[in-house]
Structure formats: structure tokens, C-alpha cells
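Protein chains in written order, with this note's numbering: chain W, 2 to 154; chain U, 2 to 154; chain R, 2 to 154.
Backbone N, C-alpha and C fix where the C-beta goes; we use that ideal spot for every residue, glycine too.
These notes are about the structure you will find just below.
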Amino acid sequence: MSAEAKLVELKIQLPPAPKVGGVYKPVVIAGNMAYVSGHVSLKPDGSIMTGRVGADVDQEGGKKAAEAAGLAILATLRANLGSLDRVKRVIKTLGMVNCTLEFTNHPEVINGCSELWGKIWGQEHGIGARSAVGLGSLPRNATIEVEAIFELA
Amino acid sequence: MSAEAKLVELKIQLPPAPKVGGVYKPVVIAGNMAYVSGHVSLKPDGSIMTGRVGADVDQEGGKKAAEAAGLAILATLRANLGSLDRVKRVIKTLGMVNCTLEFTNHPEVINGCSELWGKIWGQEHGIGARSAVGLGSLPRNATIEVEAIFELA
Amino acid sequence: MSAEAKLVELKIQLPPAPKVGGVYKPVVIAGNMAYVSGHVSLKPDGSIMTGRVGADVDQEGGKKAAEAAGLAILATLRANLGSLDRVKRVIKTLGMVNCTLEFTNHPEVINGCSELWGKIWGQEHGIGARSAVGLGSLPRNATIEVEAIFELA
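This is how it looks when you write it as C-alpha cells:
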């Protein structure tokens, strides 16, 4: 099943592609690789999901924010590629968590993004290499920022 | 206009390429991609611009430090490639800000680097994908560290 | 001398490849590039070396932890590629240190990983581009996390 068909089956609505918030491009394509800029966790209305995991947001809330960042990347990919079906697979993700210095469950939080992509493109193509780490701070106090490299079909 | 001609027009003097401060290479070329190591913000005399944005350094000082890190990368590229004209375009930048845990304007700070590269290579080729984030700490208490991937002509 | 022969000469025993601790693949190969997920510092028994450099762990302990993360990556590479001799060279490393906000010697810490790889593959092929930075927090309170890109032969 194609990624776009999977979205329909799962009844997942993509938000609008996020507005660019600085001097960068949302995605740059080089050969068959798409380098996607850091995307923060967005609410359906386009506002940013903010707050620090371990203080303002609990682990489950962080995971939902990671899924939201993953959705924002899907929106950017579709807006720039025309269709998610042009993506062959996920190569590498850097999942960044805005959390307290004591927080230690970054993988469980970033799984929110990775599980989403695994549903869309399947376990073989939707799951890539990854690092999941705790940043000191993120833009606009966003809970999550995710950047990724995708291979195109 | 070529990147080197643009530097002349803008009267931008590149600092000396920074000395290597650890066990790494300043740049590694693989195919037509140049992977550039993290470069910290340097003063014209080669010393490091230090201090935390939001405490020791204000946002505008952080932006100047990001421009300085961007200049240091230009110096490394010229020293290793012979000329900035060998760079076709910016693919991906990771802009890391040494800031307080409360700081939220990382994009505006890292724009200091991105705007410089946009002037040198133009909006189409000088602006790439990017993440701009807040680190807990940076080497030598540098204000900024930037790493990047460039495509070669 | 091949990397595997060098391991024998140096009497270096690789630990078992670490178990996957989230929704990701330990390594993804795209063309001749291997993208390796973030690997934390592991003890020989497979448990995680924890603690913050500058507080719970000193700089030398941090360097040993970085070497341990580098060893874990070697174990993953061998498990996935069959032999370290399939690696041509190190392209790019991101060395992440779990440290106090005041720590400034990240390069010396991450050298623990880079020096190991330099011994295994030699100075020309074993040393790549690199960033060495301080994270706010790391999964399971690991002292070090390293991710890297390798070129395959």
C-alpha cells in the first residue's frame, strides 16, 4: 500500500506545511536524498506545542509532540514533493527533546515520530537510523524538534 | 557573480582557517559532498567568541557570533578546496547556540550564519536545510558552533 | 593492515552489538554510505556507563565512555556488515557529551572515540569530520552518545 493510501486508511489529516521561521529551506534535495530541516511540534491550528518534558509536559505528552513534529515533516514533504509516495524510505532522524536535565526517556518520546512513519511507510522503509537526545532549549520553547534525511524513489 | 568575486565586492576578509582542536578533520569530501566539522565562533585574531546567549551575550551578539562561525567555515572551505567557487550550494546546516535554558530565539541567532552564506552564494544556492537549537554547553564556552554539508560543483 | 587484523593486534575485544532500545535501526545503508544510529557508552557487560561529566564523572572518565561508545558502534558495524573491513573510512561523527552546563572540554572527551577509530582504520581513513558538543541530557543518563556516517568499500 502506498504512503498516501495508508494516510487515507489511517484517517490521518496532514496539517498545512509549516511556515518557514528563519533563513533556511524546509527541504533540500541532493541526488536521491531529501534533507529536511528541523521541524517543531505543531498543533492542528499551526501553533507550536511548547513546554519542557519532565516539567511542563509529561512523557506521554512529549511522545504526542514528537508525533506532531513527524506530521509536520510529512506535510513539508508532500508540499515539496507533490506526494509522500515519492519517498522510498527514512534514512536518518535526529530527534531532539526539550526536557529537564534529569530526563532520561528520550527514545520513548521520539518513538512518537518513528511509530508514525513506520505506519506510513512500513517497518522496513519507515524506520531508519536515529538519535534521540535532550537539548538545553529549542526554538519558541517547542517541546520537540525533529530533522531527517529521506531517500527518494 | 562567483562566490570569491562576491567576497571582494562585499569587502569581506576571511580569517585564517581555524586550527584543528581535536582528533578530526576540518572537512571530509565524499563524492560531491563536503562534510564540514563543527566550527566555533572566532574573533578576527583567531580567539574564540565565548559566553552564553541570554546571560553573557545578547541575541544580537549571538547573531554576530553565528556569522563569525560561518566565516570560519568559509575559511576552512577555501583552505581545503582552493576556492569558494568550488562550492555549488549549501545542503544542510546544524546551528548550535550556547544559551540559557530559557532562550527561544535560536533561528534569529543562526540567521547570522545563513544570511552571510546567502549573500555569498545567493538565495537559491546559499540557503540550505537547517536546524537551529540550544545546546547545554559548547567547547571552550564558545557562543556558537555550526556544522554543515555542502555540495561541490 | 585490515581493520579486523588491527583489532586482533591491539587485543581489542568487541562487546556484543547493543540491543535496539527504541523504534529505529542500528544502521541504514544508502549507496556506499552507512548511517549509524546514536550509540551510548556501554560497559563490557552491556550495561550503560552513566553520569554527567563535570559532576559524576571526570574528564578522563568521559573520554573512556566515548571510547566505549565507539566500541559499541564497531560492534554494530561488524554485526550488520559481517566485517569491519567493509568500512572504507569515517566520514562524519557527532559526539554528544552528557555534561554540566559549565563543561568546556568536549573535544578531549570525544577524542576517546576518535582515537580508537584512528587506531583501527589509520589516521587517513579512521579520522573524519566531527562535532563534539554538550547535550542537556542523554537517554538513560548515559555519559556519551555518538552517531556517525561511514563510507563503505
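- Beta-carbon neighbours of Pro19(U), restricted to chain W and to distances below 9 angstroms: Here the premise fails: no neighbours, minimum Cβ distance about 23 angstroms.
- Which residues in chain U sit within 7 angstroms of Lys26(W), going by Cβ to Cβ distance? Ile128, Gly129 and Ala130
- Query: Is the CB of Asn142(R) under 9 angstroms away from at least one CB in chain U?
  - Reply: no
- Query: Around the C-beta of Pro19(R), are 16 or more other C-beta atoms found within 10 angstroms, so that it is buried, or is it exposed?
  - Reply: buried
- Message: If I follow the unbroken alpha helix (DSSP H) through Ser48(W), where does it start and stop?
- Response: First-last for Ser48(W): undefined, no H or E at that position.
- From the DSSP output, read off the bridge partner residues of Lys93(U). Ala130(U) and Ile150(U)
- So what does DSSP say about Ser84(U), is it helix, strand or coil? coil
- Counted within 10 angstroms of its Cβ, other Cβ atoms place Glu146(U) as buried (16 or more) or exposed: buried
- Message: If you follow the alpha helix (DSSP H) that Ala6(U) is in, where does it begin and where does it stop?
- Response: Ala4 to Glu10
- Cβ separation of Arg53(R) and Thr101(R), assumed to be a contact under 8 angstroms, to the nearest whole Å: 6 angstroms
- Task: Could you tell me if Ser3(U) is buried or exposed, where buried requires 16 or more neighbouring beta carbons within 10 angstroms of its beta carbon?
- Result: exposed
- Query: For Ala154(W), which option in Lys120(W), Ser48(W) and Gly83(W) has the closest C-alpha, if you only look at C-alpha atoms?
  - Reply: Gly83(W)
- Task: Determine, using beta carbons only, whether Gly154(U) comes closer than 9 angstroms to chain W.
- Result: For clarity, residue 154(U) is Ala in the given sequence; the question names Gly instead. Not an interface residue.
- Message: Does any residue of chain U have a CB that is nearer than 9 angstroms to the CB of Asn1(R)?
- Response: Past the edges of chain R, shown from 2 to 154, lies residue 1(R), and the structure says nothing about it.
- For Val21(W), which three-state DSSP category applies? coil
- Rounded to whole angstroms, what's the CA-CA distance from Asn99(R) to Asn112(R)? Just pull it up for me. 15 angstroms
- Leu136(R) burial status per 10 Å Cβ neighbour count (16 or more: buried): buried
- Query: beta strand (DSSP E) containing Ala35(R): first to last residue?
  - Reply: Met34 to Val41
- Report yes or no: is there a C-beta of chain W within less than 9 angstroms of the C-beta of Met50(R)? no
- Item | Straight-line Cα distance separating Glu116(R) from Ala130(U) | 31 angstroms
- Mind checking Ala56(U): buried by the 16 CB within 10 Å criterion, or exposed? exposed
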